[in-house]
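In the working numbering, the protein residues as written are 27 to 337.
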């Protein structure tokens, strides 16, 4: 009964739905009006070659992927200045960065004496002037430090950099350019009154061998070095923040961030960053330097943290 009328009504409903989709009108609950789709969710990120940078890039890439983003990750790009140049020229949309490096290398501003929050705010203000933005920073810092063997520190009651001044003399091993830098031997002398009796130049990565082999009493370390996981070494405190602060962030072009959906994108990255404390990143670095791939290490961590499901 009334078949023609029913068919006409059904056709009207179908037509309305087709027009709604064609015109971009969101169906209730679809979220289409809030979240970019398709090619708009593609972004290119860059990292340096060292394990920690690759791990961070992979963590972000994989977490973003399960939330609908396509991340083209370019690993092994040169130093921080190269990443900055590529971002400015549009060759990448964002990259792994460290707040202190942003200030000292890119912005050429002083970093000594600045705590993590002040360093972050100064870096964010600098980038805002370039139409760039930063994610929330990680709890961990990867910055210069001075380390000794645990035995040496206990024997000489060393807790902070200032305590080195009580030694009659000590041998310091570090990368060659550390000698004469303000964020090196010059700053140690000016801020803490500490001058090594001798300086032993060694390539980055070989300082612990110099320490273990008896060629040095103290070394220039980085605070996320995988060797620190062993517990055989003591990192001396830097109460005056000579070496500044170095929390990790994702730096992104602000225009691209607007295209991909800033709030959700940064929420995904921030959820990853919030879980990366000092002990955690040292552990992840250790796994990669022990031979596991950064892809697998990152995937396992995200799975353990429940971050391989959409947010």
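By construction, the Cβ of each residue, glycine as well, lies at the ideal position given by its N, Cα and C atoms. Every value quoted in this text rests on a predicted model; they were computed, and no experiment measured them.
According to DSSP, residue pairing for residue 124 in a beta bridge involves 274. Contact between the segment 252-261 and the segment 94-107 is absent: fewer than 3 CB-CB pairs across the two stretches fall below 8 Å.
If you ignore the 5 residues before and after residue 321, its C-beta comes within less than 7 Å of the C-beta of 84, all in its own chain and listed in chain order. Distance from the CA of residue 145 to the CA of residue 93, rounded to the nearest whole angstrom, comes to 30 Å.
If you draw a straight line from the Cα of residue 211 to the Cα of residue 176, it comes to about 22 Å.
Minimum Cα-Cα distance from residue 304 among the listed residues 169, 87, 101 corresponds to 169. Straight-line spacing of the CA atoms in residue 268 and residue 234 works out to 22 Å. Annotation for residue 148: the continuous alpha helix (DSSP H) segment containing it runs 142-154. The alpha-carbon of residue 90 is positioned some 12 Å away from that of residue 70.
Beta-carbon to beta-carbon, residue 236 and residue 199 are separated by about 4 Å, close enough to satisfy the 8 Å threshold.
Residue 134 is classed as exposed because its beta carbon has fewer than 16 other beta carbons within 10 Å across all chains shown. Between residue 161 and residue 295, the CB-CB gap stays under 7 Å.
Using a 10 angstroms sphere on the CB of residue 230, the tally of other CB atoms stays under 16, which defines it as exposed. With 16 or more other Cβ atoms inside 10 Å of its own Cβ, residue 287 counts as buried. Pairing residue 276 with residue 325, the inter-Cα distance amounts to about 19 Å.
Residue range 96-100 is occupied by the beta strand (DSSP E) that includes residue 97.
Excluding the 5 residues flanking it on each side, residue 202 has same chain C-beta neighbours closer than 6 Å at 227, in chain order.
Between the alpha carbons of residue 332 and residue 301 lies a gap of roughly 11 Å. Going by beta carbons, residue 132 and residue 108 fall outside the 7 Å limit. For the set 264, 72, 336, 117, the Cα lying nearest the Cα of residue 172 is the one of 264. The straight-line gap separating the alpha-carbon atoms of residue 218 and residue 207 is approximately 14 Å. Here residue 227 is bridged, per DSSP, to 200.
Between residue 246 and residue 196, the C-beta spacing is not below 7 Å. Per DSSP, the unbroken alpha helix (DSSP H) holding residue 322 starts and ends at 320-330. Check the Cα spacing between residue 105 and each of 306, 159, 72: the tightest is with 72. When rounded, the separation of the alpha-carbon atoms in residue 306 and residue 178 is 26 Å.
When DSSP states are grouped into helix, strand and coil, residue 267 belongs to the coil group. At the C-beta level, residue 293 and residue 82 stay beyond 7 Å of one another. Per DSSP, the continuous alpha helix (DSSP H) segment holding residue 234 begins and ends at 233-238.
Going by DSSP, residue 112 is part of the alpha helix (DSSP H) stretching over 106-114. A Cβ-Cβ contact shorter than 7 Å links residue 142 with residue 271. Distance from the CA atom of residue 75 to the CA atom of residue 266, rounded to whole angstroms, is 31 Å.
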